[in-house]
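The structure appears right after this line, and notes come after that.
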Amino acid sequence: MYSFYTDSDDGSRFYIGSIMVVENDGLHGMNEERGSIALRAGYHPIRVTFFEKGSGNQLKVSYQGPNINKQAISPQILFHKN
């Protein structure tokens, strides 16, 4: 089981494929929400949506999983499909 987090000001959502894993929608200051999903080994397409209305404009996305402490999703673990 893997957990994903968005910490955002204002709303954000995190998807794996077509599944919304984290919903952190709405108008608010920095707020962290979490969602969990079972994943098999391999590549999984992700999508993050984010909007800002008013002051502040921050977004942090992180994850944790089996033998993986909570950490930011870094460019080193991402891939780009041509």
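Residues in the sequence shown are numbered from 11 upward in steps of one, following the working numbering. The beta carbon of each residue, even a glycine, is placed where N, CA and C say it ideally should be. All values derive from a computational prediction rather than experimental measurement.
Self-check item: Contact belief for residue 58 with residue 22 at Cβ below 8 Å, rounded distance in angstroms
Solution: 7 Å
Exercise. Kindly list the residues whose CB is nearer than 7 Å to the CB of residue 68, restricted to its own chain and excluding five residues on each side of it in sequence; keep chain order.
Key: 18, 19 and 40
Self-check item: For residue 24, the first and last residue of its enclosing beta strand (DSSP E)
Solution: 22-26
Practice problem: Just tell me which of 61, 75 and 55 has its CA closest to the CA of residue 91. | Solution: 55
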